[in-house]
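Protein chains in written order, with the numbering used here: chain Y, 1 to 115; chain R, 1001 to 1112.
Spelled out as structure tokens, the structure:
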């Protein structure tokens, strides 16, 4: 079975632009979460979606938004990019939102560079 | 509060055991995880432990949980060069959704 896939793998943008990152979960997984990993740090939680509804949001500004589609794939959108948004953006999927079976499996990430 | 702390660096000789330590603050955490990240890659789930367990063994990996001290450790037996990576400890605070709180990661270097 294919794991979590993300596109694109790398992206270069300039300040003020917006970006859309995409994620396809493992087949059968209904939950998708997004994380931001700045160089040298651990991932920081951005959003979690389950059955197309937002179930959790981290401490990120409103410039960050996301959605989940009927096929459970997801998009992360970031508007008005800042230099500090440069990071590896990771998507994770899981079968459930809590309890046994909620282990999260991560994709390879999208490396975003903002110039 | 939610905080996970790890030592930043560990160096071991090939064939020795590695022990990576982690402390967390949220006593309501239900699951605790260990992830591995190789350079330029995403995170690989290594193992996890439920908060009502003390120990879990999975081949070369042993996880120990001291809930009283909020201390988690990962022991890798017979460490190999392929184990060189960054290891992240993560907790899932009780709250009904999949928010993972990660530490800053421990870089494991394995030398001959």
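The beta-carbon is built from N, C-alpha and C at its ideal position, and this holds for glycine as well. Because the structure is a prediction, the values reported are computed rather than measured.
Indicate whether at least one CB of chain R lies closer than 8 Å to the CB of residue i.
i: residue 61 (chain Y); result: no
i: residue 42 (chain Y); result: yes
i: residue 103 (chain Y); result: yes
i: residue 68 (chain Y); result: no
i: residue 64 (chain Y); result: no
Taking a contact to mean a Cβ-Cβ separation below 8 Å, would you say residue i touches residue j in this structure?
i: residue 54 (chain Y); j: residue 60 (chain Y); result: no
i: residue 94 (chain Y); j: residue 1098 (chain R); result: yes
i: residue 65 (chain Y); j: residue 77 (chain Y); result: yes
i: residue 1044 (chain R); j: residue 1035 (chain R); result: yes
i: residue 141 (chain Y); j: residue 112 (chain Y); result: In the structure as shown, chain Y begins at 1 and stops at 115. Residue 141 (chain Y) is therefore absent and cannot be evaluated.
i: residue 110 (chain Y); j: residue 39 (chain Y); result: no
i: residue 1072 (chain R); j: residue 1022 (chain R); result: yes
i: residue 104 (chain Y); j: residue 1104 (chain R); result: no
Based on DSSP bridge pairs, tell me the residues matched to residue i.
i: residue 37 (chain Y); result: Y:88
i: residue 1050 (chain R); result: R:1031
i: residue 57 (chain Y); result: Y:47
i: residue 1005 (chain R); result: R:1023
i: residue 95 (chain Y); result: For residue 95 (chain Y), which the question treats as bridged, DSSP gives no partner whatsoever.
i: residue 1062 (chain R); result: R:1057, R:1075
Using the beta-carbon count (16 or more within 10 Å), is residue i buried or exposed?
i: residue 24 (chain Y); result: buried
i: residue 82 (chain Y); result: exposed
i: residue 1091 (chain R); result: buried
i: residue 1106 (chain R); result: buried
i: residue 29 (chain Y); result: buried
i: residue 31 (chain Y); result: buried
i: residue 977 (chain R); result: Only positions 1001 to 1112 of chain R appear in this structure, which leaves residue 977 (chain R) out of reach.
i: residue 45 (chain Y); result: buried
i: residue 1040 (chain R); result: exposed
Which one of the options has the shortest CA to CA distance from residue i?
i: residue 955 (chain R); options: R:1021, R:1065, R:1061; result: Outside the shown range of chain R (1001 to 1112) lies residue 955 (chain R), about which nothing can therefore be said.
i: residue 107 (chain Y); options: Y:115, Y:73, Y:96; result: Y:73
i: residue 1028 (chain R); options: R:1058, R:1082, R:1067; result: R:1067
i: residue 1017 (chain R); options: R:1042, R:1005, R:1084, R:1049; result: R:1084
i: residue 114 (chain Y); options: Y:13, Y:7, Y:6, Y:43; result: Y:13
i: residue 1082 (chain R); options: R:1112, R:1006, R:1042; result: R:1112
i: residue 58 (chain Y); options: R:1033, R:1102, R:1011; result: R:1102
i: residue 90 (chain Y); options: R:1049, R:1063, R:1080, R:1037; result: R:1037
i: residue 1047 (chain R); options: R:1059, R:1041, R:1005, R:1039; result: R:1059
i: residue 1089 (chain R); options: R:1025, R:1012, R:1015; result: R:1025
i: residue 1013 (chain R); options: R:1094, R:1104, R:1087, R:1076; result: R:1076
Distance cutoff 8 Å, beta carbons only. Does residue i sit that close to anything in chain B?
i: residue 1045 (chain R); result: The structure shown contains no chain B; its protein chains are Y and R.
Mind checking if residue i is an interface residue toward chain Y, Cβ cutoff 8 Å exclusive?
i: residue 1102 (chain R); result: yes
i: residue 1188 (chain R); result: Residue 1188 (chain R) lies beyond the residue range present for chain R, which begins at 1001 and ends at 1112; the question has no answer from this structure.
i: residue 1098 (chain R); result: yes
Please find out if some non-hydrogen atom of the ligand ADP comes closer than 7 Å to the beta-carbon of residue i.
i: residue 1019 (chain R); result: With respect to the ligand ADP, the structure offers nothing, as it holds no ligand at all.
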